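Position one of the sequence shown corresponds to residue 1418 (the working numbering), numbered consecutively onward.
In this text, a Cβ means the ideal position worked out from N, Cα and C, and glycines have one as well.
Note that this is a predicted model, so its numbers are computed, not measured.
A short write-up of the structure that comes next.
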Amino acid sequence: MQDNAAPTSESHHSHHAIRLTPKQTAALSFAAIGIVFGDIGTSPLYALKACIEHRSHSNPIDEGYILGILSMMTWALLITVNLKYLLMILRATNHGEGGIFSLLSLIPRSLNKGRGLRTRALVLLAMLGAGLLFGDGLITPSISVLSAVEGLKELPNPPTWIGQSIVPITLTILTGLFAVQQFGTGSIGKFFGPIMIAWFLLLAVMGLYQIQTNPQIIKALNPIYVWYFIQSDPFQAFTVLGSVVLVVTGAEALYADVGHFGKFPIQLAWYSIVLPSLLLNYFGQGAYVLEFIRQGALDEESLQALRPFFDMAPDWGIVPLVIIATIAAIIASQAMISGVFSIARQAVRLGYLPRLRVVHTSSDTEGQIYLPAINLIMLIGCVMTVILFPSSEKLGSAYGIAVTGDMIITTLLFSVMARRRWRWHRWQVVVVGSFFLVIDGLFFGANLLKALTGGWFTLTIALGATLIMLTWQQGSYLLGKKFAETSSNIHEFLAALWVKEVPRVPGTAVFLTTNNATPFSLSSFVEHSHVLHQQVLLVSVTPINLPVAPPQRQIRLTWMPDGFYKVSAQCGFMESPDIPKLLEKAREHGLAWDPESTTYFARRVVVLTTGNSPMALWRKRLFASLSSVATDSVRTFNLPPSRVVEFGVQMEL
């Protein structure tokens, strides 16, 4: 039985149920710009630079090259973000909630009966997607902040210490960012929208200024230039896709965050501000580089020093630009960190990760959560990332694999869901699925070429996270089976209780259970104390495939003989189970319950690796160590600590 869920708020669910006024839609779009589009919005800092550096050294950088990569970047945005995510994937939400686990939960399980292997393959895909998203969560903050701080190198006659201080400044900012997570983003979150709108307007103005000095750059809107580029050097066109993908990073986060804002406000923000600003800035950078080429000033040395984004700014504007770029990078990182918290919380609720402590940083917004364990792992991960890849060029090679791998997984899960849930015809699934899979596959293939230079890092993190989830899921299943084998049926226990005439004492005892078996803590308590409370509540909380359990399915009260009651509750994957609150609700169903005379009984399991289960020994050890750091029942179910009795039990696996 797990605690957590992914963030959203009660009010957010209403975005999908009621029609929004234009004012509400505008307000949500405004907020979405601050959170959803941060990652995509900081790509101009490094995307074109990475594409230019990607060329093969035998090829000069000429007008055809610039027009070709600009056209590729434009159509990557239009096809991947615009067509795939905004128009297709955003429609696939589970009661308004997005993200890879929501997509998995939309695939009807009833159709999977008797097809265990296929179901396992889909779950494994979703786990791998979550693992890749976690890898992305380490790289996005690192590359965004690092490339913003690197702008200091563009100062006129920079002192020598500037180059050496880029990494320390980046590490300081990142450490600060993770340190403030515990205070929540509510207080500063309201500034994110206005700052990011200012950022996008700045992108547009910078781009427009350069475009008007070199208007023929607009030609790159025509996809024929992609074709010319491919014809001139097919292999180079393929490899450069590995850097072109940097313009679409953040599309997955956009889908994961749809629950916070709703589909239409996100689309409105994209078409009205984000897409035009991005295109203008990329074309402005292209125009700037084209001017450089025309003047014949682009030799190998100046190419190394070229940073089109910062070079477009006048000397006096470098420092202000670095400051606002760093703030935008921090906001983009914040969205990614929240996304990882969200996905980790969903994984816990679905039984793929051990229970983790969840701190609600806002009393009125369910969505603002902080997971201390995940936060610490991400901080260590980001510091390692920046030390291993101390420049945005080096980090770029580690970035793409996570993003493109996730895109392939999303397309595959979406295709299965469209066929099984939306009842698309097979030909529709084949046409749409293969169109996006070819594009995702090309991006992924181009990034695999970078596996040795940096992609190995992301793949290692993703596979490690997937392995942890698989181990926890299998270990929990085997442990559950062991408990089921060793415990008696509750009705047999009640019969034995009646025969033994166990004395009853005043008060209420609450035992946590998962099925019709007798809870271990109940049998242990009776065995050791030879008494039992007058009223006994057997409480079970079942996670369901909905973000929030509907009111009619939240509580079921079943009367049993001898003062026993079964309280069954359902809990959505966006909720945290709170047993005292559930018992309050059970009062409405006729339960006589006094919190002051209630004692809660829980079990704490110590896993021993000496059993004969089919798990490899190293995986048993991994499961045992994960089990030892899992949050206890008191925190998970919000039990009052002074009223809890815990029973330890050793189980061999």
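| Item | Value |
| --- | --- |
| Inter-stretch contact at 8 Å, needing at least 3 Cβ pairs: the region 2046-2060 / the region 1904-1913 | no |
| In chain order, each alpha helix (DSSP H) run of at least 4 residues that lies wholly inside the region 1756-1812 | 1789-1805 |
| Euclidean distance between Cα positions of K1899 and A1547 | 29 Å |
| Cβ-Cβ distance between I1590 and L1569 below 8 Å | no |
| CA-to-CA distance, I1741 to L1939, given in whole angstroms | 59 Å |
| Own chain, CB closer than 6 Å to G2007, minus 5 neighbours either side, in chain order | none |
| Cβ-Cβ distance between Y1463 and L1788 below 8 Å | no |
| Same chain only: Cβ atoms within 6 Å of F2054, ignoring 5 sequence neighbours per side | P1994 and I1996 |
| Selected residue, minimal CA-CA separation from T1870, among L1812, L1495 and L1767 | L1812 |
| Y1713 versus L1723 - alpha carbon distance | Rather than Tyr, the amino acid found at residue 1713 in this sequence is Gly. The alpha-carbon atoms of G1713 and L1723 are separated by roughly 14 Å. |
| Buried versus exposed, by CB contacts within 10 Å (16 or more), S2025 | Correcting the residue type first, residue 2025 is Leu in the shown sequence and not Ser. L2025 should be labelled exposed. |
| Sequence-distant residues of its chain with Cβ nearer than 7 Å to N1864 (five each side left out) | G1659, V1662, G1817, I1818, T1821 and G1872 |
| Residues near K2037 by beta carbon distance below 6 Å, same chain, minus five either side | T2026 and L2070 |
| Candidates A1879, V1800 and V1916, of which the one nearest L1553 by Cα | Position check: residue 1553 holds Asp in this sequence, whereas Leu was assumed. Ranking A1879, V1800 and V1916 by Cα distance to D1553 puts A1879 first. |
| Limits of the unbroken beta strand (DSSP E) element including R2020 | T2015 to L2025 |
| Nearest-angstrom beta carbon gap, P1968 and H1512 [assumed within contact, 8 Å] | That pair is no contact at about 14 Å. |
| Contact under 8 Å by Cβ, L1949 with A1926 | yes |
| Best match in I1786, I1972, E1810 and M2068 for proximity to F1937 [C-alpha to C-alpha] | M2068 |
| DSSP bridge partner residues for V2062 (one or two, in chain order) | F2018 |
| L1866 versus S1985: straight-line alpha-carbon distance, rounded | 52 Å |
| Secondary structure of I1972, DSSP reduced to three states | strand |
| Three-way DSSP call (helix, strand, coil) for R1838 in this model | coil |
| Contacting residues, own chain, Cβ-Cβ under 6 Å from C1799 (five flanking each side not counted) | L1555, P1558, S1559 and L1591 |
| Span separating the alpha-carbon of Q1952 from that of V2023 | 29 Å |
| Cβ shell of A1835 (< 7 Å), same chain only, five flanking positions each side left out | W1841 and V1846 |
| Rounded separation between P1611 and F1447 - CA only | 8 Å |
| Backbone CA spacing between S1431 and I1683 [nearest angstrom] | Per-residue confidence for S1431 stands at a pLDDT of 36, beneath the threshold of 50, marking its modelled position as unreliable; the derived number appears in the next sentence. Approximately 16 Å, taken between the alpha carbons. |
| Sub-8 Å separation of Y1947 and V1919 beta-carbons | It is worth fixing the name first, because residue 1947 is His in this sequence and not Tyr. Contact: yes. |
| Candidates G1858, W1844 and F1806: closest to I1825 by CA position | G1858 |
| Span separating the alpha-carbon of V1643 from that of T1497 | 16 Å |
| Own chain residues within Cβ distance below 6 Å of L1528, not counting five before or after | Unreliable placement is indicated for L1528, whose pLDDT of 48 sits below 50; no coordinate value is reported for it. |
| C-alpha gap between I1647 and F1600, whole angstroms | 50 Å |
| Residue burial classification, D1674 (beta-carbon count within 10 angstroms, cutoff 16) | buried |
| For F1727, the first and last residue of its enclosing alpha helix (DSSP H) | P1725 to D1728 |
| Backbone CA spacing between G1531 and T1975 [nearest angstrom] | Low per-residue confidence applies at G1531: pLDDT is 44, beneath 50, and the placement is therefore not dependable enough to give any value. |
| Exposed unless 16 or more other CB atoms sit within 10 angstroms - verdict on Y1688 | exposed |
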